[in-house]
Amino acid sequence: MIDKNKKIVVLYGGFSSEREVSLSTGSAMGNALKKSGYENVIFMDIGDNFFKELLEIKPDICVNGLHGKFGEDGKIQAVLESLRIPYTGSGVAASCIAFDKAYSKYILKGAGLPTAEFIITSEDNREPPFLPCVVKPAREGSTIGISIVKQEGEYKRALETAAGYDDKIVVEKFLDGKEITVGILGDKALPPIWIKPKSGFYDYGSKYTKGKTEYLFDTGCTEKEISEIKDTALRAFKVSGCTGYGRADFIYKDNIPYILEINTLPGMTETSLLPQAAAEAGIDFEKLVEEILYTSGESHD
């Protein structure tokens, strides 16, 4: 248990392209802790003076509600480590690995886990390695900068779009299967969710516009298949060095769970995927956030 009088700083907002999502996540997590009786919750929108503010406040614990760059990529984690402030989520190395889709792909493949065929490239490469394919910036979240390329003539523009966010680009073979996500809390995998975007592509609009995507616990998979998907999610989480909580995203095709990526700081509003999965497992939102808070004392790396 954590003393409910401890000074808890919720980090949110920040500099990334996912700022608005982070504001929602941080607000929801901080307010949930207040509802659970934590009396000293302080919200900090990460700006140019955040380091000075942290030194002045001297928090006992930081709840990391950030998303994207300088939130999920290991940088804010390194700052907190240097200040010896416990924080929620994965540590420096695991955050860096999971956020960088190129690093992550190599780690997962090296561990013998199923992932789509891929190459790492730059904007200068004009020949698609396979069609159809998915082109994505290596270090972005929320499907920002991602394109599905079905014809060779679309490839150049897809590279240019991805290059607008990162000079390192991942091109992976498009897999036409069920998109399934598995939330992870501690050492347990939560019930899988089948993501069914009405547009056929789970892009930023499908994620954050109400009514554009169906989220189903009835995945159409057998108990044995669900068990395999959950086991694969936990293995991927562990080999990446992740701790605390997160989410593993898959394409399920021909009875194989192909890992798309590990998300170390998934969205945490009450309608986000991880909270939905936790609710299905009987864990309400306030309890979920409190359990995440408990992991802040873990050794990260």
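Be aware that the sequence shown starts at 535, since it is given in this note's numbering, and climbs by one per residue.
Note that CB positions come from ideal geometry on N, CA and C, so glycine has one too.
Note that the structure is predicted; figures quoted are calculated from it, not measured.
{"Check": "Local conformation of residue 656 per DSSP, three classes", "Outcome": "coil"}
{"Check": "Candidates 805, 576 and 765: closest to residue 745 by CA position", "Outcome": "805"}
{"Check": "Assumed close pair residue 654, residue 704 - CB separation to whole angstroms, cut-off 8 Å", "Outcome": "6 Å"}
{"Check": "For residue 809, the first and last residue of its enclosing alpha helix (DSSP H)", "Outcome": "807-814"}
{"Check": "Beta bridge counterpart(s) of residue 797 as assigned by DSSP", "Outcome": "781"}
{"Check": "Own chain, CB closer than 7 Å to residue 830, minus 5 neighbours either side, in chain order", "Outcome": "595, 620, 621 and 622"}
{"Check": "Extent of the continuous alpha helix (DSSP H) run through residue 629", "Outcome": "626-633"}
{"Check": "CA-to-CA distance, residue 572 to residue 820, given in whole angstroms", "Outcome": "11 Å"}
{"Check": "Residue 598: first and last residue of the uninterrupted beta strand (DSSP E) it sits in", "Outcome": "595-598"}
{"Check": "Inside the stretch 564-614 only - beta strand (DSSP E) runs reaching at least 3 residues", "Outcome": "575-579 and 595-598"}
{"Check": "C-beta contact flag for residue 723 and residue 794 at 9 Å", "Outcome": "no"}
{"Check": "Beta strand (DSSP E) runs contained entirely in the stretch 686-746, provided each spans 3 or more residues", "Outcome": "703-707, 712-719 and 727-731"}
{"Check": "At least 3 beta-carbon pairs within less than 8 Å: the stretch 660-672 vs the stretch 690-710", "Outcome": "yes"}
{"Check": "Exposed unless 16 or more other CB atoms sit within 10 angstroms - verdict on residue 585", "Outcome": "exposed"}
{"Check": "Three-state class that DSSP yields for residue 817 in the structure shown", "Outcome": "coil"}
{"Check": "Three-state secondary structure (DSSP) of residue 790", "Outcome": "strand"}
{"Check": "Inter-residue spacing [alpha-carbon to alpha-carbon] between residue 505 and residue 817", "Outcome": "An answer regarding residue 505 cannot be provided, because it is not within the stretch 535 to 835 covered by the chain."}
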